[in-house]
Every structure is written in C-alpha cells, then in structure tokens.
Amino acid sequence: MSQTGPEMVTLTIDGRQVTVPKGTPIIDAALQLGIDIPHYCYDKDLSVVASCRLCLVEIEKVPKLQPSCSTPAAEGQVVYTRSDKVLDARRMQMEFLLVQHPLDCPVCDQGGECKLQDYSREHGAEDTRFHYRRRTFPKPDIGPFIDLERNRCILCSRCVRFMDEIAGNAELVVVNRGWKSHITTFQDQPLKNEFAGNTIDLCPVGALTSKVTRFRTRVWELKSKPSICSLCSVGCSIDLQHRNRTREILRVLPRLSEKVNYRWICDIGRFGFDQFNSDNRLKKPAIRINGDLQETSWANALGEIAKKLKVIVGARGGAAAGGIIGPRPSNETLFLFQQFFREILKSNNVDHRTEFIPGQQDDGFLTSIALRAVNQPFEEIRKASAVILLGTDLPNELPILHLQVRERASAGIPVYLAHHRPTRLDSVCSGVWGYRPGFETPFLADLLKKTAQKMESLLSQEMEETISSFLPGAENEAAGVSEQQVNELANILQQSNGATLLVGESMFTGKAGPVNVRLAAELAHLLSSDVGGPPPLSLLPLHNNSRGAADMGCYPHRGPGFEPIEKPGRNTAQMLEGCIDGSLQALILFNADLLNEYPDRDLARRALEKVPFLVVADAYPFSTIPYADIALPLSTHAEEDGTYTNVDGRIQRALAAVAQLEGALTGVQAILALGERWGAGWRQVNPSRIFEMIARAVPHYKDASWTDAGKGRCVAKPVNISLFQTSLSLAASSLASSYKPPLPDYPFRLVRGRFLFDDSGEKRFAPSLVSRREECWAEMHPGDAKKIGVHEGVMVSLEGVLGSIRLPARISNAAAPGCVTVLGRYDDKPVNGLTAEDQPWIKVQL
Amino acid sequence: MPETLHNQETRKIRDQQPGKIDEILRRFPQKKSASIPLLYLAWDIYGYISPEAMIEVAEILDVSPAYIQGIVSFYTMFPLKMTGNYHIEVCANISCHLTGAQEVLKTLENRLGIHCGERTGDGRFSLQAVECLAGCSSAPCMQINGKEYTHLTPEKVIEIIDSLD
Amino acid sequence: MAEETRVLLQHIGSADLLTVKDYREKGGYRALEIALKDKTPEQIVEEVAQSGLKGRGGAGFPTGMKWSFIPKDVEKPVYLCCNADESEPGTCKDRIIIEQNPHLLLEGILIACRAIGSHQAFIYIRGEFHRGANILQMAIEEARREGLIGKNILGAGFDCEIAVYRGAGAYICGEETGLLTSLEGQRGYPRNKPPFPAVAGLYDCPTIINNVETLSAVPVIIEKGGAWYAAYGTEKSSGTRLLCLSGHVNTPGVYEIVLGNMTIREFIRDFGGGVPGGRKIKGVIPGGSSMPVLRDDQLDIPLTVEDIQKAGSSLGSGAMIVMDETVDMVEIALLLAKFYEHESCGQCTPCREGTHWFVQILEAVQQGEGRPGDIELLLDICRSEYTSICPLWAAAVWPVRAFLKQFREEFEAKIQPRSMEAEAETAPAS
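Residue numbers (my numbering), protein chains in the order written: chain H, 1 to 846; chain E, 1001 to 1165; chain G, 2001 to 2430.
And the structure:
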C-alpha cells in the first residue's frame, strides 16, 4: 500500500504564500506565516463556532468578510488579514465586546494575560461611544475552585464546548438569549467535573478565574518552574508558579506534554498547590524524651538514629531493622533508601507496598513484569483498535487517563469496561459489564475460558486447571454475571484483535493479584495482533511514583531493575508482624501514611506502638507521627529536584520550584546525611549524580539521562529479566476464603475503592481540596436497605470484627446486593479499621 | 455515575406517561431531537418547566440538566413558573401595535389587576406580551391557552375574559 | 380595480378542504400521482426550475436550483424540512394554507421529497400555532391511512414519512440553519455557511429547507407544468404571491395576486380599502418588518420584486405594513429594534451586542434623552450589518437605517431640544 500524504493547497495571505494540508483553517495557515489573527472563540481542540467574529478576513472574490477560523484554506485563495475593511470590522467587533464590559481591570485576576486587554490595545478605540447603563448579571457561587464573573464574559463559549466535548459533562451552558445570554451551571449549582479548572486557561478574559489564586498575586509577579504533578501516577507536566519575592506557590498550570496530559490537568492537581504552602508541616526534627516528642537539631536526630540502629543491627543483625517507603518520593530518594538498607544496614527488609498485602512476594505488578506486559496505558490506547478496561474506576483513579480514554471513545474507538460498580466512564463505553465485588478471579477465569473457546485457542494445562479451580459449578452466579453476559463479552473480545487491556488496582493488588494478572495476560495474548509479542496488557498503579518504587528495587526480594535478592527480607505485612512479635526492633517510615493506607489499620497501629524504635520522616504531620521515636521533617515535592516514573514508564524530571523550608531536608539529603554516620563513603552527591547511579544499576533505565528526563522524552525500556518465575500455585486454595459466605453475624461484604474528592494523602493539607471534598458515605443496594430499614441519608454504623464507623447511607441501584461500598479515604473515617483484609465482612446498624 | 446521581423521588413523566416517552424518542434519528417535544410533555405533566422537570428530561435524553436549562431558556414559550389556569398572550408587535394592542394590554392589566409577566393571586389568569403571532391581518390578536382571539378592542377583551368560567 | 388571482387559495373560504376526500374532490393529490408515476425526480426538479418558483420565506432563492444542490449518490439520508416557523412580523400567509388546506402542503412536501430523494420530511411549525400543528398532525395521520404517506405511496414504490415538529417561541428558528439546530434538539443557533444545508444540514446530512408557500406551489406546477406557472407574473417573480396586508388599512387580509399589474398604492387602495378615516399614509414596510420602510412618495411604483428593490427595499416575505400619518416613526423604530433585541440568539458578537445597543440608544432618543451624534452613531453601528453568522443582524440593521434615512427629521426633533438642556445641565458650575 502506498502512503499518500494529505492533499496540499497553496494560498496567499497578506502577499505571502503558504502551503498547508487541504482543510486547514485560514487562521492556522496564517499562523504558519507568523500572522496572528485575533480571535476569542476559536481553539484548535474545540469545535468551531465562529461566533466572536474577531477573526474575519477578506478573501478575494468573496463579497463578505469571512471568519478565518471556519473557512478552510483553498488553492489559489488570496487572503487579507489587515486590509482597511478587515481592520474596520475588527475595531467594530472590539467595540461591541467592550460596550458592556466592566472597567474593573485593576481588580481582575486576568489582568496581564487578558485577550481583551491585548486586542484592545492593538485594535480598539481609545474612547467609548457607549453612554448607558452596563448590563449586569447576578454572581453565582459555582464551587470552591472557580470564580464566574458573568459581567466580564464575552460569550466565546470555549468553556461550554470544553466541558461538553472534552470533559464529557455539559455542566456549563449558555442560558437565555441575545444580550441576556450568560454562562451558568444548572440552577447555579457548584461545578462537579474534575476537569473544570481547564476552562480557566481557556477563558480569554476574566470571566473564569481561579478562586484559589484569587487576589493573591498579579500574574506578572509569578515565576514558573517546570514540574511533574505528584498526585497520581499519570505524572502530568505542570508549571509550578510562585511569587518571586516569597516562597509561596500560587498557581499550577498544565505544561504541554503531547504523550501524557497534552494541555489539560485535573482540578486536584491544579488547585491542590496550597499543600506546598501549608504551615501545617514538620518543621524541626523531633526526638522522644520522657514520652514527649521534643524539637532537636538534625545533627542530634541523625546521631541518635545512627546510635540506635548500630546497637540493634550490631546485636541482632540487619534483619532486625526494616524500612517502609511510600510510592511517592523521587526515584533518587527511593534508590538511596533501599541502598541504605541493603548496603549499610545489610537488611533486605524494604518495601514500598503500603496499601495491600501481596499474595506472594511477586505480587500482581511483578507478575506483569515477569510476563513482559507492555505496561504503557497511554501509548497503548493511542494505537489500539479497542480499549478494554478491567476492574478500574478511571474517573476516580487516574483522571487524565480517563480523559484520554474518553477522547479515544469520541474518536470512534470502542471502549469496553468490566468493573464491580458503575463508573462515570460507562456512558461512553460500547459495552459495560458488572461482576460481584471480590469475585474478580472467577469472572476473569470464566471470561478467559469462554473467549479461548470461541477463538478455538488452546490454553496450557496449568491454565486450564487453574481456571477450573475457580469455576465450581454455579460460578457465574457467584460472580454476579450471567452466562449470557460473559458470552457477550467473550464474543466482543474474540473480535477485538488489536485491542489493549488496562487493569485496575482492584484486580492486580491483594492476594488474588498475581492470579488475576496471569489470567488477564493470557486474555491479552489472545487479542494481541503481535503473535509472540508482549501481551498488550497495562496495569494501572495509582501513585505518582509507584512505577519508580518498583524499578528502584524497593522490594524485600528484588533489587534495582527487579534483580532477585538472594536472601529476601520481609515485606510490609511481615515487617509489621515482626514489630509485634519483637523480631523487628527498628522501623523507618519514609513518606508513608501507613495508618491510613494499610488495609489492616489495627495491625499497623499495634506494630507502630510495639516496635522499640520508630523513625518517621515526612513533610506533613500524618497520623503516624505520634508513634515516632524520632520524626524527621522532609521537604515537599515542590522543594526538590527529582525524577518520577509515571504509569507509562516515562521518566520525568521535576524541578524544585521554591526554596526548601528551613529546617527540612529533601529525602535525598536526609538519607545521604544518615549514610555519612556510617562513613558510607557516599560523597554529598546531587540528584543528577544519583540518577547516573540509577542508570547504571537499573538495566531498563540505562539509556535514560537526567537531561532527557527534564524534557519528558525518557521512557524506561521493557524489562528483560530471564530469572523471573511466577506460578499459579496460589490459585484456588489460598483464595478460597474470599468466596466463602459471610460470617453469620456480619452479613455484608465491605467494598472499598478510590474517590477523587476524598482527603487521602497530601490532599488534606490543601485547604481548597478540603473545601471541595465530598463527604464519605456508605452505598447500599435498595433491597438490602429495605431489609434493615435504612433510608437515604440516614446515619448507619458499619461494624466489623475490629472496629466501627458511622456514615450516611446512600441507596443506589449501582450497589451490588450484599455489599456495602465505601469510597475514598478519610482521616476521620478509618474504613481500613473495620476488618482484616481477607475477612471483609461487616454488619450495618442504624 | 452514582456519586452525582440526583436522588429524585418523583419522576412524573415516567410514572404517568411511560409510553409517550418511547413514542417521542422513536420519531427522531437522534435522541436529542426529542428535547423540545419532551419539554412540552413535561410542561403538561409538571404544570410548568420546574427544575425537577428539567432533570427528568435530561435523564431521559442522557444529557446534563444544564443542557436542558440552556434549551428551556432559549425558547420563550416554556414557562419557568406556574402560569394561570388561563394564560393570556397578547401580541404587541408592529401590526397589532398599530391597531391598538397597547390599549388591549392596558385593559387586561387593569381588569386583572396584574402586570405583564404576572399571575393573579387566585391563580386563574396570567398575562404575557408576546411577539408577532401571525394574526396581522386580523390584528390586534391574542391567544388564551393557545386559542386565538382576533380583531380585539378593549370592550371585546373584557367580554372574552368575563365569559371564561 | 385590481383583482386576486387565486391559485394556492383557490378553494379557500368556499370549500372545506381538511380531509383527503374533500381535497381529492378539488383535484388534490393528482400532482403527486403524476410526480410518482409519470416523472423522474430529475424531471420534477426540471419542471420546478422552469416554473421560476422562488422561495417565499423572504430570501427568494430559486427553488429548482436549491433542489439541484443535493449531491448525487449520497450514502446518507436526505431530509426535507418545511419551514412553517412563520414569525416575521406582519406575515400571516403560511398559516392560512396550514389551517385551511393542509393536504396541499403535504402534497407539495411529498413531491419535493420525491424530487430530492428524501424519505423523511419534518414540518417545523412555530410553537404558537397550536391549531395548525393539530390540523397538520390529523392530516398526516389521515394521509397515512389513505396510503399517501408511509411505505409504497400510491403503489409507486416510494416511501416517505412526514413528522410535525413544534418550535417553542424563537424567531431565529425561522432562519434555515437555526431551524436545523433547533430540530436537532439544541438551542436554535444558526450555523456558519458553508457548508450549506444541501451538503451538510440536519444531522449533518443533505437537507433542503423550503417555506410553506413555496412547497404549496409545487403541486400546481407539476400538474400544469412549469411553463404554465412561469407565464404568470414578471421575469424575476413568476407565479402568484400571497401578500399579507396589515396595519392602517380598512380591510387587512391575505391576498393572492400576480405581481406587475398594479402599483403599491393601488394594492393598498384596492385590496386594503384605503386608510381608516381617510388619513394619509406616512410609510409602508413592503416585505415584513426587516425590510426598509418606504415613504408615501415612493408608493407609486409597480408592485414588483424588481421595482421595490430599485426603491431600496424588498418584497421579502410579502408582508405589507401600512402606517398612517399619526404614527411616531421613532416609536416604531424602537419597537422593531426591541423585537430584534429580544429575538437575537446571542451567539455572535455584533448581533448580540448591536441589537441591545440599538435599543438603548433609541430608547434614550424616544425618551428625549438622545445625544447629539446619536444618529451618526446608529448609522455607524449599521455598517457592521454583514459581519454576523446569520441574516438576523442585517434584518435588525435595515429597519433602523431605513427609518433614520426616511424619517430623520423625526429623530432629530427628539434629540435637539433635549440635548441643549442636557448640555446646560451638565455644564460644570463655574
């Protein structure tokens, strides 16, 4: 097949020729010549409405002026963008737009980057010919993030089109007609969509501005530093902007990143920056003296840590010390952390898995590495013929990936979704399937079996046996999916050659993770158009450096680059058990909000209470601090240079945007300084040198460089480790307890999931996010609610064997019968304190 | 989308006219086209276009309630508050204006004791000045609940009003 | 004395035409039979082109030519939309056909659908026409029962559906692209052209939009031939026209005439029975509220499309509004400006802002608070008439400009005295 490029046309604009693909709007063709035709409503990513009429141009042989945004370039066209007729029309449109516009530039946050100001200076008149009362509209409160000042609006409708066409929720609309037209939400209710903040960037005037930044600065005072958002594994490119004369971060803007977030970011990333300005920080190291944490110097704190660790390790060996690091800090910090344990303390008790208890040391994610899954969701969905989402609620988990999937769906790529509860992506999916929460494995097993049968593919005997061990008779019913539904999905999969599978944490974490990933990878193989190639399967870990933590070897049994460790240490669960049984004498928690994150809060609390020596290092006073013997104040993400590896394996560098808080050290500085106490021979190296060490130690990072990472161009290579073995041995027997009926007194299964607007992690240190957060609720099926007499909104008590919480009930058909779903993490509603992970049974009482 | 689902107790159209919804949706190749016909139906059932009516129509069409509000506010016939049992719409445009529409309007305002855009306290009448009703050759004209009255004079409108039960 | 030439209104008033049977007795649906059985779609288009029939909604585009713009061999469905949104102030002709001879319209629609290869027509009728919508709905249901709508019409193997769609109070939906967006269930925002509806119209499919009167002329053209129809009227305006006469005349009404046989003044005298009280005429709007007003001394020109155009106005939608010597022309200019302000969809800048600005200035002038220079300012704003998406802004500009031009002295009279006072009032105290 011969490749033919697009048909090209040559036209003349202001006397100069330009050749562009046919169909290019004149306004874009002009831009190629450096001619910037003024415009308000046109935006290349939105539908074209040609309503502002500012971009009118004169075209030879066409009697009327034409909008250059909606008129395609044509062969031989002769266009004038600055003829008298054009300039006159432009001046008139500017006058029309300004007649009703308030003259409040001095207090308008758009000032300095306002298109109305810019074009007025360039094309407007000096004087007004308008002598009447200006139109005014009531000012609604549309939520804590966005300020809507209708009087400044010029009705370009960019915001309306963005919400409808890209964010997928037409929450902003134009109401009324003619001069009474204005932008509103339904009945002036607050905006809910998590991408709404992008309308601020799109608004060419001061109608939509940030409430979080409002009145705190003028834009010309702001200095920008390129950074990477730290709030999820997408790793959006952003600019952190701070005022020159203070260390206050005052604005976050998306930074163009073609392969990741493009030009959009979510509201959590955009409006959460006040976490970096929070006064609620750990500011000085503290040491427990006579039961109280008291401020001390870094030298003293580090000296004390070294002294204690040397004693413990000296007496009992490295195995008596352990370290848990959250999946959040930079690759450099993560790398040094495990080096510190392995090289200095001679301990392999290192783990970053704070949120789940792996079924075996090689958890679901490692299984996917072993199976050589591509693990590049962004790259994959761009080229796949169909997208299959399993066990993920993308809108609540990875907002920008959600946006990209939505974009693929509107481009006509079929998206299929199977999850245990409805998601906001369902409406754009070509097919949606639900299964009972907790029954991921039987569902996948059944789906794989049926798909293989339809494709007449033979599965390995081991696989066949595993599948049948999960299909004991009435398996479909147990999984809550009918035979017919699974057949339907299998039929679709059978015809989905070239599809890609994205698997969410509800499937790949936990004990069933490895098995589920095996099943999903097998399914992916069946659909792959590349026979013998890697399975088109991507897991979706959620934290900003989940991938980095894995690559850096923060595992008890695998070092940097997944290199096996001869004598594996303990994983998180085993370390916590060790704290309780006394076999672990010292624990370092580094950037890990363990009490809120660990699935068994009770166990975690007992471990922290019991361990003789606990060091907690973090930027914020999480609930682990009161248990610490020594607390170390760390810098925030905004104060540190570092690289982070996103869900696609893209290694991206963030620059420190502001000076470090006095008294705090970056993770790298803290670990280096600690290492010095052993005379480790680590010179005071900077992060770029550590990155060089990483590139040498991690084979699939070997081509990565500090410079390229700064340009967002660095992607980790596929992992190629031949020693990897995973087995299905865990199959039926070890998972069987999950499918047993509930305990007699605890009839409901507790189902948990992510919620974007909760107060997990750093979110609770950003006041704007706290004001936007939605309160926690317990979702129940109407049938169950009726049985126990629960009504919508009534407070119910959820009781498990380990604890209870009270939450308002929400009655929804979306809930599976026999289940109570609680989404999100709330500091004051410790839903992880109710049950042990493999006994998720609770009762509900009024 | 359970977390944004409106927990609306009443869904009057669905309860009262389920068949009609399907009948309307079937008329058009694209669902959204049914918005105006459904709003007429909602008007009929809810008595006016209340926020709840907009939410229900939005749910039927799988669009946002805001989208429906945008439509409702564009088309001036849709009432955003309760109208009277008799909703009087008087043409005030050019041909009627030339032939005495203002006197007709004033007479009605005086008789009913309300201004244009208002409803009488007992809820029986509401009065609205509207654009051209295409009754120009029998001007001035008005409609009461959609029924047309032509060649109006102040005397004649009083007679008409009084004859309504 | 000039007389009517009744073609479309032939039986109206004298016979009941609401049922298929009544309509057939008067020769109805014969043309459909001819169109389906004796003519190819191309021949129908040709016949209509030959008739010289032009759009009766106001713009006057040749109907046959419009139909020929439908791309050949399209894969998408083709739609016909009948524009029954009759809303131009002064215009009240289409509703006579709708309410009194609905099958004439349906027959015209069916023939047009055959000609352009459409199997689905929509009649977009303005929401205020409650009665008309009901009559059409009943007529459609009866026609369907009689095998005139639906599958295999008249056994000729042609399928066609007609659906009534009620608007809900928006003048802009009479603009053809505004009609389409409204029919798609959106705010009735007009669209930029190109693309023209014949290429990408309703649901992005090829679409023809024709006015009620236009479509109603089609059956007679098919039955008697394009040449027969073209023999009536003038070169630029063949056939008969329905003219709506309203305002200050003794016998207002809708009259069907052949253009070229009388002057405007004769038309007002012979059909309108003159002005009440024998008063003098001050001005006449010859083609619906958007068209420039003519002064009394311009009324002795022939009532033709060409001559009215020469006089600086247009026959537009055929609505003639007569204003006698008692009329305050500033008040009328303001009234019309308010109408366009109310009906501007608000989508594009000049119309949204301009219509409101017009009202603000004219209101001040009318209240004696005009400022010197207001007339020049109004005229300057008028210069942007062709910068909007659709013709509504021009339709708002034309009356303002025409009233200013034709009756400038009335505006000046209201501005002058006040402005002197105003200046005195605002002069700084020394």
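We put the beta carbon where it would ideally sit given N, CA and C, even for glycine. For clarity, every value in this text was computed on a predicted model and none was experimentally measured.
For the pair G2127 of chain G and Q2137 of chain G, the Cα-to-Cα distance works out to about 14 Å. In terms of Cα proximity to D127 of chain H, the closest of H:M94, H:A815 and H:S623 is H:M94. Residue H:S237 holds the alpha-carbon nearest to the alpha-carbon of S227 of chain H among H:E837, H:V62 and H:S237. For N261 of chain H, same chain residues with a beta-carbon under 7 Å away, outside a window of 5 residues either side, are V234, C236, S237, P254 and I400 in chain order. Interface annotation, Q360 of chain H: not in contact with chain G, CB-CB separation never under 7 Å. Close to R177 of chain H, with beta-carbon spacing below 7 Å, are these residues of chain E in chain order: F1074. One Cα belongs to I1013 of chain E, the other to L756 of chain H, and the distance between them is close to 34 Å.
If you draw a 10 Å sphere on the C-beta of G2373 of chain G, you find fewer than 16 other C-beta atoms in it, and that means exposed.
Taking every protein chain shown into account, the CB of W264 of chain H has 16 or more other CB atoms within 10 angstroms, so this residue is buried.
Residue environment analysis places I630 of chain H among the buried positions, since at least 16 neighbouring C-beta atoms fall within 10 angstroms of its C-beta.
Distances from the CA of E343 of chain H to each of H:P782, H:K259 and H:L674 were compared; the closest alpha carbon is that of H:L674. In this structure, the beta-carbon distance from V611 of chain H to L632 of chain H does not fall below 7 Å.
Unbroken alpha helix (DSSP H) runs of no fewer than 4 residues, entirely contained in the region 2340-2384 of chain G, are found at 2349-2366 and 2374-2382, following chain order. The criterion of a C-beta distance shorter than 7 Å is not satisfied by C776 of chain H and G712 of chain H. Between R129 of chain H and chain G, the shortest Cβ-Cβ separation is below 7 Å. According to the DSSP assignment, H2130 of chain G belongs to the alpha helix (DSSP H) that extends over H2130 to R2145.
CA-to-CA, the gap between A386 of chain H and G498 of chain H works out to about 7 Å. The Cβ neighbour count for W220 of chain H, taken over all protein chains shown within 10 Å, is under 16; the residue is labelled exposed.
Think of a sphere of 7 Å around the beta carbon of L2377 of chain G: the chain H residues whose beta carbon falls inside it are R129, in chain order.
For F162 of chain H against T2349 of chain G, the beta-carbon gap comes to about 20 Å, at or over 8 Å, which does not count as contact. Excluding its 5 nearest sequence neighbours in each direction, K1031 of chain E has C-beta neighbours in its own chain below 6 Å: L1061, listed in chain order.
Runs of the alpha helix (DSSP H) spanning 4 or more residues and lying entirely within the region 1123-1155 of chain E do not occur at all. A check of alpha carbon separations from P377 of chain H across H:E355, H:F273, H:P358 and H:L403 identifies H:L403 as the nearest.
Collapsing the DSSP output to three states places S2068 of chain G in a helix. Counting only residues of its own chain and dropping the five nearest sequence neighbours on each side, N813 of chain H has a CB closer than 8 Å to the CB of H781 and P782. Taking 7 Å as the threshold, the shortest C-beta distance from Q1069 of chain E to chain H falls below it. Annotation: F186 of chain H has no Cβ neighbours in chain G at a cutoff of 7 Å; minimum Cβ distance is about 15 Å.
Within 9 Å of the CB of I2415 of chain G, no CB atom of chain H is found; the nearest one sits about 13 Å away. Shown in chain order are the members of the region 47-59 of chain H whose Cβ falls below 9 Å from a Cβ of chain G: V48, V49, A50, S51, C52, R53, L54 and L56.
For H2011 of chain G, the nearest beta carbon of chain H is not closer than 7 Å to its own beta carbon. Chain-order list of chain H residues neighbouring P2350 of chain G: R53, M92, Q93 and F96, by C-beta distance under 8 Å. Counting only Cβ-Cβ distances below 7 Å, Q100 of chain H has contacts in chain G at E2353, in chain order.
By the neighbour-count criterion, in which a residue is buried when 16 or more other Cβ atoms sit within 10 angstroms of its Cβ, L1080 of chain E is exposed. Here P38 of chain H is near L54 of chain H, since their CB atoms are less than 7 Å apart. For the C-beta of A2170 of chain G, the chain E residues within less than 9 Å are, from N- to C-terminus, F1074, Y1075, T1076 and M1077. Around the C-beta of M2262 of chain G, 16 or more other C-beta atoms lie within 10 Å, and the residue is accordingly described as buried.
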